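Taking it in order: structure first as structure tokens, then the write-up.
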Amino acid sequence: MAESRISLEQVRHVARLARLALAPDEQERVRRDMDEILAYVEKLNELDTSAVPPTAQVGEAGTPMRDDVVTCAPRADEMLANAPANERGYFKVPKIID
Amino acid sequence: MASELNTITVAAAQALLRKREISSLELTRACLDRVRAVEPKLNAFINVSEREAIEQARAADRRLASDGAAALCGIPLAIKDAYCTRGVATTCGSRILEKFVPPFDATVIAKLRDEGAVFIGKTNMDEFGMGSSTENSAFGPTLNPHELGRVAGGSSGGSAAAVAADECLAALGEDTGGSIREPAAFCGVVGLKPTYSRVSRYGIIAYASSLDQVGPFAKSVRDASILLRSLAGIDPNDSTCSARPVPDYERALTGDVKGLRIGVPREYFVEGMQRSVESAVRAALKQYESMGAKVDEISLPHTDYAIAAYYLIATAEASANLARYDGIRYGLRVEGANNIELYDRTRAAGFGAEVKRRIMLGTFALSAGYYDAYYLKAQKVRTLIRQDFERAFERCDLLVTPVAPTTAFRIGEKTTDPLTMYLSDIFTISVNLAGLPGLALPCGYDENGLPIGMQIIGPPFSEENVLRAGDAYERAGAVERRTAKV
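Residue numbers (this note's numbering), protein chains in the order written: chain A, 1 to 98; chain B, 99 to 584.
Set out below in structure tokens:
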């Protein structure tokens with residue numbers, strides 16, 4: 001059997017980074033899928049890219065600047081309308097600091 | 099007595115509206131009647147805005163009563179549910195945004211509202227744009243109007259099906275790896291992915307920000323040209339958006355392709371391709387030659403690496419873009435003992451399997467120790483793919499290829515193995531990596547009567563040439579537009 005490119009422990013670590021709670025059977029399924037896909041993407045190693053610059057952007061716009069002036073002032077009630085929990089104009093979250 | 103007004107093109111509607119022979123209200127009602135009739139079978143829409151559409155149509159008719167109404171005034175459109183529409187639920191095909199009502203309009207939506215367009219509703223899609231069949235929607239798949247046991251394609255399957263079934267006159271989609279072009283091909287309609295940065299992405303729920311592009315679905319290339327003109331243009335809210343002036347694309351549709359140099363990449367005619375797809379595209383090339391174009395075989399040598407590069411770059415960008423869905427400011431929330439648990443549980447409950455898979459892959463590709471081997475490597479291969487096209491366009495004006503290796507596959511046929519689904523993107527994906535314009539248009543039907551699409555690819559900002567070539571082929575009448583049987 002071909003060696004795994006990713007272990008269950010690595011899957012758990014990545015799930016923690018991605019803030020995804022995966023059930024144990026889900027973890028194994030994801031591990032298997034990732035293993036298959038990672039095996040596939042290894043074909044990129046057939047290419048010698050040592051002298052090739054990376055492409056991060058394909059647009060030509062660069063980084064346009066503007067003055068630091070408020071141009072959009074949304075209403076607080078509009079911004080809170082979708083909040084799962086809000087109170088007196090604040091988003092409510094579980095306690096973080098004791 | 100059902101009106102057939104929903105079956106006309108945007109160009110035809112524009113003329114009839116201005117001559118006062120029809121009203122936007124009649125046009126809109128015809129579309130809504132059709133929606134009511136076929137939606138139980140198709141599931142192209144997540145939300146239909148009947149009341150708002152009628153109001154918009156009435157307002158459009160008032161504007162049309164005096165001269166100078168904008169191009170899309172009174173035209174009924176369907177909008178992919180990835181576009182933020184103020185006051186109208188925008189789900190992006192996901193449970194995590196099931197009840198999300200944006201407090202703002204995407205720039206292109208605001209532009210269309212200003213013109214007086216009518217919005218029939220928000221169309222179904224693969225969750226967050228991740229998929230090629232609309233089977234990854236949290237709200238059920240959209241079926242192909244030509245054969246209900248088959249997929250409409252994805253991720254913009256709802257918009258493609260809505261146009262094919264005449265539920266609207268045109269629609270908006272979004273394309274990251276083929277999500278406009280592939281469903282267009284599967285549903286037998288025109289679909290355009292403009293040059294990256296041609297159209298503002300502000301307010302379009304992001305999947306992969308260096309790949310996403312907004313574009314129209316239409317019943318003709320002329321209609322797509324009309325729509326592009328209204329959509330394109332600079333936007334201070336999207337810093338990647340191009341400042342180049344927007345041409346009158348319709349004016350470029352001269353019907354003349356004499357001397358046009360068309361390149362055919364040999365890597366796009368692969369083993370395992372459906373035979374009728376290949377023969378339909380080759381027949382289209384013969385048609386172009388008979389109209390005076392020159393057709394030559396070329397090579398895009400890094401084609402085979404595009405899918406691998408894409409599924410590292412797109413997933414990496416997606417893992418960052420989807421980090422915002424945390425149950426705090428909007429969307430689904432599942433409570434937890436602390437904030438971390440809240441995030442973990444909210445995201446586990448709100449995201450479907452494919453989305454989770456891609457977030458995991460992207461997070462891994464960007465993580466310490468793996469960034470160079472995966473993400474950076476993919477970015478370098480992206481450069482090679484881009485260079486392939488640059489070299490090709492030194493010898494050719496445009497490239498013509500198939501859109502997909504097959505016609506619409508059956509529901510459930512490709513869902514057991516994610517990689518099988520990914521491999522069907524082979525002909526569309528490089529175009530996003532290189533940021534080029536790609537037009538999909540019908541070029542035939544297979545032995546089962548399923549539509550076949552061909553793709554015209556051009557250099558950056560060559561939409562006038564791409565649309566001219568597509569329109570010329572369409573007008574030559576080599577392929578009849580068959581009404582969907584639904």
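Where a beta carbon is used, it is the ideal one built from N, C-alpha and C, also for glycine.
On a predicted model such as this, the values are computed, not experimentally measured, just so you know.
Check                                                                                                                               : Outcome
CA nearest to the CA of B:PRO503, picked from B:VAL375, B:LYS583, B:ALA382 and B:ALA268                                             : B:VAL375
Beta-bridge pairing of B:GLN311 - partner residues as DSSP gives them                                                               : B:ASP273
Neighbouring residues, chain B, relative to A:ILE96 (Cβ below 7 Å)                                                                  : ASN437
Beta-carbon separation (whole angstroms), B:CYS266 vs B:ILE396, contact threshold 8 Å                                               : Rounded, the Cβ-Cβ distance is 38 Å, inconsistent with contact.
C-beta neighbour in chain B for A:LYS9, strict 7 Å                                                                                  : What sits at residue 9 of chain A in the sequence shown is Glu, not Lys. Answer no: the Cβ-Cβ gap between A:GLU9 and chain B never drops below 7 Å.
Chain-ordered chain B contacts of A:ARG32 [CB-CB under 8 Å]                                                                         : Ordered by position in chain B, no residue passes the 8 Å Cβ test against A:ARG32, which lies about 10 Å from the chain.
B:GLU562 - DSSP class collapsed to helix/strand/coil                                                                                : helix
B:ARG493: first and last residue of the uninterrupted beta strand (DSSP E) it sits in                                               : Counting along the chain, B:ARG493 falls outside any beta strand (DSSP E), though it belongs to the alpha helix (DSSP H) covering 475 to 493.
Cα-Cα separation between B:GLY275 and A:ARG88, rounded to whole angstroms                                                           : 43 Å
Any 3 or more C-beta pairs closer than 8 Å across the segment 360 to 371 of chain B and the segment 432 to 443 of chain B           : no
Run of the alpha helix (DSSP H) containing A:GLN27, from where it starts to where it stops                                          : 24 to 41
B:THR107 vs B:ASP321 beta-carbon contact at 7 Å                                                                                     : yes
Contact list for the segment 444 to 465 of chain B against chain A, Cβ threshold 7 Å                                                : ARG445, ALA446, LYS454, ARG455, ILE457, MET458, LEU459, THR461, PHE462 and SER465
Proximity to B:GLN553 [Cα-Cα], best of B:LEU420, B:GLY353, B:TYR300 and B:LEU539                                                    : B:LEU539
Delimiting residues of the alpha helix (DSSP H) encompassing B:ASN546                                                               : Note, B:ASN546: premise wrong, no alpha helix (DSSP H); not H, not E.
Proximal residues of chain A, C-beta to C-beta of B:LEU410 below 7 Å                                                                : VAL41
Assigned exposure category for A:LEU8 - 16 Cβ within 10 Å defines buried                                                            : exposed
Cα-Cα separation, B:TYR408 to A:GLU46                                                                                               : 16 Å
Residues that B:THR221 bridges to, as DSSP identifies them                                                                          : B:PHE143 and B:LYS178
Member of B:ARG480, B:ALA582 and B:ILE177 whose CA lies at the smallest distance from the CA of B:LEU325                            : B:ILE177
Limits of the unbroken beta strand (DSSP E) element including B:THR499                                                              : 496 to 500
Residue interval of the alpha helix (DSSP H) (run including B:ILE438)                                                               : 437 to 448
Residues that B:ASP442 contacts on chain A, provided the C-beta gap is smaller than 7 Å                                             : ARG19, LEU20 and ALA21
Bounding residues of the alpha helix (DSSP H) (the contiguous stretch that carries B:VAL108)                                        : 108 to 116
Buried or exposed (CB count within 10 angstroms, at least 16 for buried), B:LYS475                                                  : buried
Length of the line joining the Cα atoms of B:GLY238 and B:LEU430                                                                    : 19 Å
Closer than 7 Å to chain B by CB, A:ALA73                                                                                           : no
Under 8 Å from the C-beta of A:ARG88: neighbouring residues of chain B                                                              : None at all; the shortest Cβ gap to chain B is about 16 Å.
Per-residue DSSP class, three states only, for A:PHE91                                                                              : strand
Bounding residues of the alpha helix (DSSP H) (the contiguous stretch that carries B:LEU246)                                        : Segment 245 to 249 is the beta strand (DSSP E) holding B:LEU246; no alpha helix (DSSP H) there.
Contacts around B:ALA180, its chain only, beta-carbon distance under 7 Å, and the 5 residues preceding and following it disregarded : CYS190, MET223, GLY227, GLU272, ILE302 and ILE303
Paired residues, beta bridge with B:PRO239 - DSSP                                                                                   : Paired residue(s): none; B:PRO239 is not in a bridge.
Contacting residues, own chain, Cβ-Cβ under 7 Å from B:THR518 (five flanking each side not counted)                                 : LYS512
Within-7 Å CB hit, A:GLN57 to chain B                                                                                               : yes
Host beta strand (DSSP E) of B:ARG359 (start-end)                                                                                   : 359 to 363
Chain A within 7 Å of B:PHE217, Cβ atoms only                                                                                       : no
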